[in-house]
Amino acid sequence: MSNAVSALQGATYQGFVTVTEAGLIGMISIRGDLTSKPLLKALKALGLSVPAPRQIVTSKDLTLAWMSPDELLLICDHSAAAQLVQTLSSALEKTHALVCNVSDARALFRLKGAKPDQVIMKLSPADIATLPTGEMRRTRLAQVAAAVWRSAPDEISLICFRSVATYVQGLLETSARPGSELFETAPSSS
Amino acid sequence: MKRYSMFAVAREAMRYHAGWERAWRSPEPKKRYKVIVVGAGGHGLATAYYLGKVHGITDVAVIEKGWLGGGNTGRNTTIIRSNYLQDASAAIFDKALQLYEGLSRDLNYNVMFSPRGLLMLAQSEHERRGYQRTVHANGLQGVSTQWITPERVKELVPILNIDGPRYPVLGALYQERGGTARHDAVAWGYARACSNMGMDIIQQTEVTGIRRQGDKVAGVTTTRGEIDCEQLAIVVAGHSSVLAEMAGFRLPIESVALQAWVSEPIKPAIDVVVMANLVHGYLSQSDKGELVIGGGTDGFNNYTQRGSWHHVEETTRALVETFPIISRLKMLRQWGGIVDMTGDRSPILSKTPVEGIFVNCGWGTGGFKSIPGSGFAMAELIACGYSPLAAEFNLNRFKEGRFIDESVAAGVAH
Amino acid sequence: MSTRLSKGGRLIDRAKRLNFTFNGKPMQGFAGDTLASALLGAGQVMLGRSFKYHRPRGIVASGVEEPNALVGLGRNARFEPDQRTTTTELFEGAETRSQNHWPNLDYDIGEINDAFYKFLPAGFYYKTFMAPQAAWKHLFEPIIRKSAGLGGVPKEADPDRYEQAYAYCDVLVVGGGVAGLAAALREGRAGKRVWLIEQTAHWGGRTPVDGGQIDGFEACDWIKTTLQELEGMANVTLRTRLMAAGQHDHGYVIGLESVGDTRPGADIPRHRLWRIRAGRTITATGAIERPLAFAANDVPGVMLASAVRDYVVNWAVSPGDRTVIVTNNDDAYRTALVLLDAGLTVPAIIDAREATHGALPQEVKARGVRVLEGRGVARVLGRKQVKGVEICAQAGEGGAIETIECDCVAMSGGWSPVVHLWSHCGGKLIWDAGQAMFRPDPERPPLGADGTAMVQAVGAANGDLTLAATMGGAGLGACSSDEAPMTPVWQMPASAPVALRFKSFLDFQNDVKVSDVQLAAREGFESVEHTKRYTTLGMATDQGKLSNINGLAVLSDALGQPIPATGTTTFRPPYTPISFGAITGEAKGALFQPLRRTPIQSWHEAHHAHWEPVGQWRRPYCYPKSGETHREAVNREITNTRANVGLLDASTLGKIVVKGPDAGRFLDMLYTNMMSTLPVGKCRYGLMCNENGFLMDDGVVARLSDDSWLCHTTSGGADHIHGWMEDWLQCEWWDWKVYTANLTEQFAQIAVVGPKARELLNRLGGIDVSREALPFMQWIEGRLGGFDARIFRISFSGELSYEIAVPASQGLALWEKLVTEGKDLGVMPYGTEALHVMRAEKGFIMIGDETDGTVIPQDLGLTWAISKKKTDFLGKRAQQRPHMTDPNRWKLVGLETLDGSVIPDGSYAPAEGHNANGQRNTQGRVTSTYYSPTIGKGIAMGLVLNGPDRMGEVIEFTGEGEARIKARITDPVFYDKDGEKQNV
Amino acid sequence: MLTLTCPCCGITAEETEFAPGGEAHLKRFGPDSSDADFEGYLFARKNPKGVHFERWRHAYGCGKWFMAARCTATLEVFGTYAAQTTKPPADIVKKIKAKRPEWEPQA
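Residue numbers (our numbering), protein chains in the order written: chain A, 1226 to 1415; chain B, -4 to 409; chain C, 55 to 1038; chain D, 6 to 112.
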């Protein structure tokens, strides 16, 4: 839909890391028995399999994250979400499952640069240094819920609720202000 | 006893204060007493005091595990007010306030009751309506309180940011008679007066068991032996469940940590007590100059007198937002107490399933302000078997669903 | 007089001069100075006035334990009171002012308190000022408050920013002295993730001043080498200017880092609060020297012996030209050596011990210094500056043997380990009689999450006071001069008469003297906590770092019991004070709390909405036009909505999908009414109660499909209700097949309300919203004007009304389209207040107004919404309790004032008589009260005793003060009783 | 400031990522229950000074409820376990007994 807009319409801030609201993005919440055959089959049709607990996997345009023992999050193009919801819902019609389009309930941010960990360290009580690539950490960012993962070398992606996107942008900007780096280089987790 | 006065201090000054007596005796426990009060905090000591003063019962022992006044009496933020919403609460808290007003002279001990006024800020329409409801209720209860405008709030508290970008102040519930007192002095003053009436305050003695004869109380077992009594009052705040367990019944209570902290002392900055309930913070300034700050309770059961740090952050940021000048002041000391919360967040002053055992607990975060009223009502309940001030705070209300819920007024607990 | 020495000063850079002022007077120091060393270096000995007696005071210490030398720092918005000069780094342009005096430091009216000191012992205020009753508030308390307090009050908001950060490590080593360095080295080499933090700007602690050899190297070289190795380890993080403020449970340590203190105005955080989660904390926090209690030990120029040598060695500042050293131990002799090396005079060392044989005393004697053994100080001479000391026999009563002129007194009463972090979470202490100090008891450490020790003390913090003992504890060889045993001295002289004890200070800042503690003991304040509170010992800004051990030793002596029987007061965080700004971190201004924004928020902002906070949302209360009051705006919005069409941003309403084979059964448990029977395509209003029976939330439920329902909740209730559902599903009925999803934010929801609502939607086109196609209490979905819409035909206003849900990303566009398309229909937005009035005109209840957590649905005439068929639902059992079925519960009615006025919010209806506590009886209260522009007068709803049976009766409500307002009891529906308007 | 390990997602996190939910293993009493049972269900709490079984929700994480066995006097956490049980599992009880031999599970 041409008049659809993301929470912050791609706002960006250049600090000691670059903070960007990633614009419209598709997200689908899938609740169900993660071992059930119809679900595995439906995912397989999309080229995906159920990730292990807390893992996040990518296949072509789709990224699938384990959210809880009975919940997955499928990340896709915003324009593809509605159709994918249809597809999955149909595939899961005969089983007990819930597929919802939550694309517009969320905002996605990307933190790019050499020190994105330091921004997260200021805001989240998660031990970000030990977060491996391929794992999504659901956590708290100051006073709101968020999920973070390493989406590329030198990049952390972050999802929060849409209504607090402005707040989160403010947090990230404040934390990424030049001159407030915590370390010259990132501390090791070993 | 030697009366305290300016003249007495002057007289003693001439001899370097060598002539002062002990403020309270430190007696060996007797074999039996008519009434044993467990817990020498403010509530326990006040109970004993009014048993003697009003009902002439002085064969009383107050048994204390640690040092008197060392529980929540000595670790609260000393706020006193009586503008409660519900009739039963307003009655007992206003009785307390009335007694506080004359307490220094009554006890011949300066408890530094300071009726400097107390403001409860309304920062949402919901709070505004809740406080205005309280004003109407208080009017019929005979409790003085008023609704004031934001401009008047600013006059009373110039350091308060009433146009806060987030939660502008819409007005406040103002109790001019409210204020603070010196918490330790309340315990010490009552202890001295009790001791002077011949009551025994037995410190450093822990009650380890409660003895019954059938359905009736027989006495207590302590770390200093067995002591008999006809009546037993359990007045131990955070540890009520532990004592109730000894007596063989269970209370609708959970013990949680409540924290407070003070700033370094500065010259007078704020002359009234301010409570900002929407953002969970309250603040006053002690006579010593420290800003005294408190917030909300922890959410989990805890007996350690140590709370969780994030509550300190939550309340501090609320107060920095409300009083922007305090940002560069420094926290000097933080501490915690254990408060017992009941199912409806109102206290219990009640008979119990065991004849002769009375319980006074569940004051939650509002214990200090009620001390004299609580003691007065409890003494009446013990001596007469009935007290109108205590009547609605009985244990049966939880079975009947007859709650006394103060949180209905804009979510205010205490 | 104190002065800057011409050479030396290991921490200062003489090439970088820094200008600063003290009470307006320009002064100079060097980079590397603290405020204290710069002030001393500039000859400023007297720095402030004490708390109670306003006695002149100068610098006592060189670190965090300083009780006296506090100043106001900075000006205007960057003013900070009570700044400790000994730990504040000097910076260019620093403005400092002394505190607690009027009119100035030299001449202070408050000093009169000192003249009356005999009348003002500990706790005098408890015994006086009791009459008349009003005098305390109006006379005595204001005087006391004015005279107390220390620093000035900041006048402006703080312009600086603060931040916080989390860190994790296996081992946190607190203290960058040699013990801490050694511990970090060991843990670092073992591959642990280590943080080593130091509160000052420098590594090495005291050792560079006191000297010695470690592991075969000169101590300073060893420090340097060790630092190099640590810096090379990827698993070790080193950080200076980071003070560990508190050890909290489960290994949580709060630390305060000074980032921008010396660069006011720079665009960097001023402080950073660290929250460090450590597997284990090693406290290498050192020890603090104790003062000695002798008369006038508070005169400016009397300092700790270690501080005197710190100033000389670290900053090349001589606290005095002639320094008398008073001690009970060998360590203080190091001060003599340092002073002699600097070319200063040590007229005598007064040692309370009968004999001194240690290596250090021998060395000092060999250099020609007089050592007076078995002697003490009877009193210090001078008032604003030390002029001399009177010497007496330590064993005696203070008879002066001789007077020695001096301008500085260096005292040492022994050392106390810094056990704060050890103790914060309950680590216990043992009394070390040999060194007269409490030290950590390794058998009783504080316990962590797994029940094992979470703190370990090393070095001086563990009571290993000498370099050899400290490094021995770390498994390293070290040598320093041997020290002979010290002798505890708690009062000097031992049998000081009362006049001297009245001038022997224990707590300098709070003016607590030996006599005060003894008075407390005499009066029965036998617990150390009682004594502390009665005398204020240890309650000053140094929190007793200097005074506590001396104080409890005096107390023990007075009680005739050993010191361990007295015990210590509780150590509480923070170790040294931390700014509220740092505790606040980023959470101020726009980031104070999350502000939840609907997809349409920016439109409301652009159209000057007046806001109402609703939870973390901020909803438009009304949209005043220029010149309009809020009241006028609300009336206009209502009138226009009822006449034309209004728009409400209802996006904040909770929207929860509940799906599964057991979803119907589940909702039947959750709601008081039956939801399982709701046909697909239809909507039903539902009530939720908690297990206590009280109304908790309400909203319209729509059945989406055979096995899925959409539950609307109140704006404030969405998260709570979703959590509530999950709680029951996960913890009680875990075998029921139900999934929920909170889709509140997925949709923007717009209420289009008013007689022209249908016409407006028709203009958008795409969905037939006619009465036939979309009857009242049904929903439909499709493309509305190009938007993916689900339309609910529901009404909270009594008007023809549609609530349109679209994906949040399309919300703003839809709203703008409705505004544009509806222009000629008179479309206007309306806010929450208009919403409230309109629903009240219709007699609809509002959660939070008609309910307050004590109201059951039966009170509100909602029995029609309580299923009789269901055997169980949440709250049903509770509603069977005697008080809930009491016929005398107040019930909902409408209220019409006889004179048309509006009953005030919160008004009660008095009844005849008074209750047992003398309070006026009541028979009801208003729950909602408004001026209705539709009806043209005040309307209200209220809960009234037997209300529904008293229709037409007139009762009184409380107005302002004593005023009473007469109101008639009516049906609560004031507008369109038959519902014709909403059902067109 | 506690740390807890969520047994549902395996994350060890600090207290602020969880929400406390009071005593665990309460038995719900509904419409046919006695006054005493119903009152006990709503209000009577063991509130022990010692071993406590309690509910927590991983509110800022996977959203699941779980149970913890924790000492209210020392804050030691003996273990966490799934919420879908009516009594503490045997391995948790065993763990507690190993550390607190004098402790007995209460009814």
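Beta carbons: idealized from backbone N, C-alpha and C, even for Gly.
In this text, all values refer to a predicted model and were calculated from it rather than measured experimentally.
Check: Interfacial residues, the region 1283 to 1300 of chain A to chain D, with Cβ spacing under 7 Å; Outcome: 1292, 1293 and 1294
Check: Completely contained alpha helix (DSSP H) runs for the region 19 to 69 of chain B, where each covers 4 or more residues; Outcome: 37 to 50
Check: Cβ pair residue 308/C, residue 256/B closer than 8 Å; Outcome: no
Check: Sequence ranges, beta strand (DSSP E) only - wholly within the region 258 to 335 of chain C, length at least 3; Outcome: 290 to 293, 296 to 302 and 306 to 312
Check: Chain D within 8 Å of residue 1370/A, Cβ atoms only; Outcome: yes
Check: CB contact check: residue 1373/A to chain C, cutoff 8 Å; Outcome: no
Check: C-beta neighbour in chain D for residue 397/B, strict 8 Å; Outcome: no
Check: Residue burial classification, residue 936/C (beta-carbon count within 10 angstroms, cutoff 16); Outcome: exposed
Check: Three-state secondary structure (DSSP) of residue 131/B; Outcome: helix
Check: Cα-Cα separation between residue 60/B and residue 342/B, rounded to whole angstroms; Outcome: 22 Å
Check: Close-in-space but distant-in-sequence residues of the same chain around residue 399/B (CB under 8 Å, 5 per side omitted); Outcome: 81, 83, 84, 339, 341, 387, 388 and 392
Check: Chain D contacts made by the region 906 to 925 of chain C, where a contact means CB separation under 8 Å; Outcome: 925
Check: Helix, strand or coil at residue 268/B according to DSSP, with G and I counted as helix; Outcome: strand
Check: Within 7 Å of chain B by C-beta, residues of the region 46 to 69 of chain D in sequence order; Outcome: 47, 48, 49, 50, 52, 54, 57 and 59
Check: Cβ-Cβ distance between residue 59/D and residue 87/D below 8 Å; Outcome: no
Check: Distance, residue 231/B Cα to residue 1345/A Cα; Outcome: 45 Å
Check: Test: residue 25/D CB closer than 8 Å to a CB of chain B; Outcome: yes
Check: Distance CB(residue 1340/A)-CB(residue 1241/A) smaller than 8 Å; Outcome: yes
Check: Alpha helix (DSSP H) segments (min. 4 residues) lying fully within the region 762 to 786 of chain C; Outcome: 772 to 785
Check: Residues bridged to residue 457/C (per DSSP); Outcome: 444/C
Check: With 16 other Cβ atoms within 10 Å as the buried cut-off, status of residue 104/D; Outcome: exposed
Check: Cβ neighbours of residue 617/C in the same chain (closer than 7 Å, five flanking residues each side left out); Outcome: 485, 606, 607 and 610
Check: CA nearest to the CA of residue 644/C, picked from 1381/A, 1289/A, 1355/A and 1391/A; Outcome: 1391/A
Check: Contact under 8 Å by Cβ, residue 1397/A with residue 1244/A; Outcome: yes
Check: C-beta neighbour in chain A for residue 652/C, strict 8 Å; Outcome: yes
Check: Chain A residues whose Cβ lies nearer than 8 Å to that of residue 18/D; Outcome: 1350, 1351 and 1364
Check: Closer than 9 Å at the beta carbon, the chain A residues around residue 10/D; Outcome: The contacting residues do not exist; residue 10/D stays about 13 Å from chain A at best.
Check: Cβ neighbour criterion (16 or more within 10 Å) applied to residue 227/C; Outcome: buried
Check: Any C-beta of chain B under 8 Å from that of residue 40/D; Outcome: yes
Check: Enclosing beta strand (DSSP E) for residue 849/C [first to last residue]; Outcome: Careful: residue 849/C lies outside any beta strand (DSSP E) and carries neither H nor E.
Check: Contacts that residue 22/D makes with chain A (C-beta to C-beta distance below 7 Å); Outcome: 1350, 1364 and 1365
Check: Delimiting residues of the alpha helix (DSSP H) encompassing residue 84/B; Outcome: 82 to 96
Check: Proximal residues of chain D, C-beta to C-beta of residue 1279/A below 9 Å; Outcome: 14, 15, 16 and 67
Check: Residue nearest to residue 343/C in terms of C-alpha spacing, selected from 652/C, 118/C and 354/C; Outcome: 118/C
Check: Beta-carbon proximity of residue 749/C to residue 637/C, cut-off 8 Å; Outcome: no
Check: Where the alpha helix (DSSP H) through residue 154/B begins and ends; Outcome: Segment: none, residue 154/B is in no alpha helix (DSSP H) and carries neither H nor E.
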